[in-house]
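To start, the structure under review is shown below, and the notes come after it.
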Amino acid sequence: MAEGKKKSRIIPKKYPMPEQDPNERVKNFNEVPLGQDAETITLEAKRCLQCKESPTRKLCKDGCPVEIDIPGFIKQVQEGNFSEAMRIIRLKQNLPAVCGRVCPYENQCEGNCIVGKKNDPVGIGRIERFLADWERNEQKKGKIEAPPSTGKKVAVVGGGPAGLTVAGDLAKLGHKATVFEALQYSGGVLVYGIPEFRLPKEIVKAEVDFIRRSGVDIKNDHVVGKLETVDELLEEHDAVFIGTGAGLPNWTNLEGENLNGILSANEFLTRVNLMKAFNFPDYDTPIRVGKRVVTLGGGNVAMDCARTALRLGAEESIILYRRSDAELPARREEIHHAKEEGVRFELLAAPVKYIGDDCGNVKQIEAIRMELGEPDDSGRRRPIRIEGSNFVLDCQTVLIAIGQSPNPLVPMATPDLKTTKWGTIAVDADGRTSKKGVFAGGDISTGAATVILAMGDGKRAAKAIHKYLTEDPSWPDAETFEKASC
Amino acid sequence: MCANMYEIVKAEKLTPDVTRLEIAAPHIAKKAMAGQFVMLTVDEHGERIPLTMADFSAEKGTITIVALEIGKTTKKLGTLKAGDSLFSLVGPLGMPTELKNYGTVVCVGGGIGLALMYPVVRSLKKAGNRMISIIGAKNKDLLIYEDEIEKVSDELYVCTDDGSKGHHGFVSDVLKRLVDEKRKIDEVYAVGPIIMMKVIANLTRPYNIHTVVSLNPIMVDGTGMCGSCRVIVDGKTKIGCVDGPEFDGHKVDFENLTARNRRYLAEEEISLRSFMGAK
Ligand SMILES: Cc1cc2nc3c(=O)[nH]c(=O)nc-3n(C[C@H](O)[C@H](O)[C@H](O)COP(=O)(O)OP(=O)(O)OC[C@H]3O[C@@H](n4cnc5c(N)ncnc54)[C@H](O)[C@@H]3O)c2cc1C
Ligand SMILES: Cc1cc2nc3c(=O)[nH]c(=O)nc-3n(C[C@H](O)[C@H](O)[C@H](O)COP(=O)(O)OP(=O)(O)OC[C@H]3O[C@@H](n4cnc5c(N)ncnc54)[C@H](O)[C@@H]3O)c2cc1C
Ligand code: SF4
Ligand code: SF4
Ligand code: FES
Chain A
-16 MAEGKKKSRI IPKKYPMPEQ DPNERVKNFN EVPLGQDAET ITLEAKRCLQ
34 CKESPTRKLC KDGCPVEIDI PGFIKQVQEG NFSEAMRIIR LKQNLPAVCG
84 RVCPYENQCE GNCIVGKKND PVGIGRIERF LADWERNEQK KGKIEAPPST
134 GKKVAVVGGG PAGLTVAGDL AKLGHKATVF EALQYSGGVL VYGIPEFRLP
184 KEIVKAEVDF IRRSGVDIKN DHVVGKLETV DELLEEHDAV FIGTGAGLPN
234 WTNLEGENLN GILSANEFLT RVNLMKAFNF PDYDTPIRVG KRVVTLGGGN
284 VAMDCARTAL RLGAEESIIL YRRSDAELPA RREEIHHAKE EGVRFELLAA
334 PVKYIGDDCG NVKQIEAIRM ELGEPDDSGR RRPIRIEGSN FVLDCQTVLI
384 AIGQSPNPLV PMATPDLKTT KWGTIAVDAD GRTSKKGVFA GGDISTGAAT
434 VILAMGDGKR AAKAIHKYLT EDPSWPDAET FEKASC
Chain B
332 MCANMYEIVK AEKLTPDVTR LEIAAPHIAK KAMAGQFVML TVDEHGERIP
382 LTMADFSAEK GTITIVALEI GKTTKKLGTL KAGDSLFSLV GPLGMPTELK
432 NYGTVVCVGG GIGLALMYPV VRSLKKAGNR MISIIGAKNK DLLIYEDEIE
482 KVSDELYVCT DDGSKGHHGF VSDVLKRLVD EKRKIDEVYA VGPIIMMKVI
532 ANLTRPYNIH TVVSLNPIMV DGTGMCGSCR VIVDGKTKIG CVDGPEFDGH
582 KVDFENLTAR NRRYLAEEEI SLRSFMGAK
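If you read the protein sequences in the order shown, they are chains A and B. Quick note, the first sequence lines up with residues -16 to 469 if you use our numbering. Quick note, the second sequence lines up with residues 332 to 610 if you use our numbering.
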């Protein structure tokens, strides 16, 4: 029937997203994809078949961690109703302009798209991005309609995607949420980690502003554990949510790591993004990169570092990664962008030590070649050193992007909060912790993950907090968390 | 954006290059302890810099910082007046000074370090210690916090590099004399220029007198998330803003700290020149 007809009409490719030319964009910090117009986005939406849900097959919607009604909002776009489409998205999604940009949709919603079985999937991410940008530009500012107050107060620790989602959702339910954020700007990794050219900070600011206008209080410059403890917050609030993220840099612990010119990805990206060192000396915070910059690691963070280094004037930017191209954990789109911009990949190689000059500056990195052996616990083939294959790379800057650990500040100041051996806060399926009235979610409980997973955690926690505040104040016994914490 | 306002309630110059600001920050004042610091940003384009709290009062709801104007940010601070506000102010950060009754404690401070030393001497005195303070500066006009420190010390020794007041020479000379006289010293606390702290640590090491130093590595966030402030203590990497800023002086790698603090020298000069030019 109609399906067959529709198939023949399928446009095999996504409508192209205009991008800044690679040779141009390495000289600026402006966003790489330029966005699409209403007409193109409507055509893109029309590539969608409006599949019906069925128990036997997975659809786009099943791949979205916050369960956006994707066919529903796309239908509205097909019919030109952008504001109705946006309303459907907002039911589930508090940071649409962010997720439309940085969500790994290729493995999530778009990964399940039926059109994508034989062709390019429907560009769900870019439609979401377009709608959020459209809303930001078209809609008037002002207070957002708030439901009647329940009189309940919730403290949210950490203003990253997890915390902002919890706070936004609680506000929609009439609870008073106050976010306590350590930094001067809210957004967590969105403001200090992900670079301007992937996620303009103006957009994060607008999304945070939207959450604020929906009735959430955000207190910046507020380090919980140093100012109030969680126990003190519990005295003044009916519940507490902890979403402090995985902000602790991992180190290589190799000889010479404290030489000048060796920075954690966090230091490098925080200087550049949060403190806007790319605008030095108009902004006061300095940053320095040498002619050749070597980035250790192969994830999104490493790609962000290597690409940022080029924009800061490095002549050569090299990624040193211990496995092969296929195992690079970064999103394919990011790897592709990095390659286009001229980032060089030194694969199957691992650092051995750093070599400094007389003034304490790094001048070389010694590395060793690797080969891949049997798969390890993660299912990826384990890298093995090829003895005697050491080589030396000249470099003036080394950026260490080999992962982040959970932020220990709050657990350290809250002795009765159970943590796991990885340092994450132990939680049950609802995000409840070993401490009554205290919930946690996002990278602090999952370990470093993604924006949308942190938001999914936040949504579940908001539901659980609502239930705890309004219907059922019972709490699991300590044993639940003993198990989770071993 | 920062919705917070941190108003300066009092601004004064202690010397031509040293500014003291009292800032309204009741939430910080309530929690602050000796040895802790704040990170502040003067304006939206500003850098986050760490400054120790030279004083704090929960009753008044204020904290006091004392800054030596050496670069762009501290010079900007020097232009602020009562009624102005800071863009951002975070604290209290870092581990507080360990307040034990050691017996007799010698506190040694130099230059701007005297402002940082004052709350430490005061708190250690309160903890029951006999306090000997040795304070120094280039000349008598640069001696800050002398009266305040004197009030909370059992003994006070003053040194100036040019001999304009007290002992003509370094604070380390006086400490050496006390050690040579076999005075009972249970603990030494030193804060000031890196070279001074290094000399003091080297002096007390052979006598096994436990010596705490307050380090000043370059910081960005001040909460442990970047590692800019890492220092080597006992051969291991420590995070200055979380594990410190105070460390066992006998175990600190001062050479590494000195080198690391010179990382942005060229940029700091550009910053300062453009600021002085603009003014
Ligand atoms: C460079 C980089 C690039 C990335 N790229 C992508 C990408 O392309 N796509 C993607 O999906 N994911 C990406 N990620 C991962 C993603 O950003 C994180 O998984 C996500 O931000 C986690 O959200 P969160 O709310 O749990 O924590 P965070 O975003 O880390 O936020 C935690 C917040 O808590 C604050 N905080 C910490 N301690 C305290 C305290 N004691 N008191 C008060 N506040 C505190 C922090 O300042 C921070 O603002 C990237 C991560 C990095 C570092
Ligand atoms: C825990 C701690 C407490 C401190 N307390 C005081 C204090 O009470 N009074 C005081 O006058 N100074 C204090 N300092 C030093 C003070 O932070 C620096 O003098 C200040 O940052 C200089 O900034 P600037 O822009 O004026 O100078 P710049 O020209 O930028 O730098 C001058 C020198 O200051 C150091 N410095 C620069 N940027 C930073 C930074 N972001 N963090 C740390 N050091 C930096 C460098 O060694 C540099 O060579 C403290 C430092 C630390 C780490
Ligand atoms: S939030 Fe992410 S996964 Fe969900 S629809 Fe949007 S892009 Fe897809
Ligand atoms: S699976 Fe693809 S084609 Fe089907 S409804 Fe979802 S987006 Fe449309
Ligand atoms: S200043 Fe960033 S970790 Fe200490």
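The beta-carbon is built from N, C-alpha and C at its ideal position, and this holds for glycine as well. Fair warning: this is a prediction, and the values are worked out from it, not measured in the lab.
Check, Outcome
"Contacts of PRO232(A) in chain B (Cβ-Cβ under 8 Å)", "MET556, CYS557, GLY558"
"Distance CB(PRO232(A))-CB(CYS572(B)) smaller than 8 Å", "no"
"Simplified DSSP state of LEU382(A), which is helix, strand or coil", "strand"
"Which of helix, strand or coil DSSP assigns to GLU(-14)(A)", "Reliability of the predicted coordinates at GLU(-14)(A) is poor, the pLDDT of 47 falling under 50, and no value is obtained from them."
"Residue-level contact to chain A via CB, ILE525(B), 8 Å cutoff", "no"
"Amino acids of chain B, ordered along the chain, whose beta-carbon sits closer than 7 Å to that of PRO264(A)", "ILE601, SER602, SER605"
"Residue burial classification, CYS560(B) (beta-carbon count within 10 angstroms, cutoff 16)", "buried"
"Option nearest ARG351(B) by Cα separation, candidates LEU430(B), ARG379(B), ASP386(B), ILE380(B)", "ASP386(B)"
"Proximity test, PRO398(A) beta-carbon vs ligand 3 heavy atom, cut-off 7 Å", "no"
"Contact set between GLU250(A) and chain B, taken where Cβ atoms lie within less than 9 Å", "VAL551, ASP552, MET556, CYS557, GLY558, SER559"
"Coil, strand or helix - ASN120(A) by DSSP", "helix"
"Inter-residue Cα distance where the pair is GLY46(A) and LEU436(A)", "11 Å"
"Cα-Cα separation between THR268(A) and VAL207(A), rounded to whole angstroms", "25 Å"
"For review: beta carbons within less than 7 Å of any heavy atom in ligand 3", "GLY46(A), CYS47(A), PRO48(A), VAL49(A), ILE51(A), ILE53(A), GLN76(A), CYS82(A), GLY83(A), CYS86(A), TYR88(A), GLN91(A), CYS92(A), GLU93(A), ILE107(A), GLY108(A), GLU111(A), ILE435(A)"
"Beta-carbon spacing of GLY151(A), GLY226(A) below 8 Å", "no"
"Near ligand 1: ASP152(A) beta-carbon under 7 Å from a heavy atom", "no"
"For ligand 5, residues whose Cβ lies under 6 Å from any non-hydrogen atom", "MET550(B), VAL551(B), ASP552(B), GLY553(B), GLY555(B), MET556(B), CYS557(B), GLY558(B), SER559(B), CYS560(B), ILE570(B), GLY571(B), CYS572(B)"
"VAL272(A) versus MET258(A): straight-line alpha-carbon distance, rounded", "16 Å"
"Buried versus exposed call for GLY494(B) [16 or more other C-beta atoms within 10 Å across all chains shown]", "exposed"
"Same chain, Cβ closer than 6 Å to SER605(B), neighbours up to 5 away in sequence not counted", "none"
"Sheet register partners of GLY467(B) (DSSP bridge)", "GLY441(B), CYS490(B)"
"DSSP state of VAL81(A) mapped onto helix, strand, coil", "helix"
"DSSP beta-bridge partners of LEU303(A)", "LEU279(A), GLU329(A)"
"Inter-residue Cα distance where the pair is ALA445(A) and ILE177(A)", "25 Å"
"Proximity of LEU17(A) and GLN33(A) at Cβ, strictly below 8 Å", "no"
"Rounded separation between LYS(-3)(A) and ASP411(A) - CA only", "40 Å"
"Host alpha helix (DSSP H) of GLU481(B) (start-end)", "477 to 482"
"Residue span of the beta strand (DSSP E) that contains GLU353(A), given as start and end", "The sequence given here has Met at residue 353(A), not Glu. Looking at the DSSP string, the run of the beta strand (DSSP E) that includes MET353(A) is 345 to 358."
"Contacting positions in the region 411 to 437 of chain B - beta carbon closer than 8 Å to chain A", "PHE418, SER419, LEU420, VAL421, GLY422, PRO423, LEU424"
"Cβ contact check for the region 388 to 404 of chain A and the region 278 to 294 of chain A: 3 or more pairs under 8 Å", "no"
"Residue range of the unbroken beta strand (DSSP E) whose run includes MET527(B)", "Careful: MET527(B) lies outside any beta strand (DSSP E), inside the alpha helix (DSSP H) at 525 to 535."
"Counted within 10 angstroms of its Cβ, other Cβ atoms place ASN6(A) as buried (16 or more) or exposed", "exposed"
"Sequence-distant residues of the same chain with beta carbon closer than 6 Å to LEU371(B), five excluded per side", "LEU417, LEU420"
"Cβ pair count under 8 Å reaching 3, the region 460 to 473 of chain B against the region 430 to 437 of chain B", "yes"
"Inter-stretch contact (C-beta, 8 Å, three-pair minimum) for the region 477 to 484 of chain B and the region 504 to 519 of chain B", "no"
"Per-residue DSSP class, three states only, for ALA385(B)", "strand"
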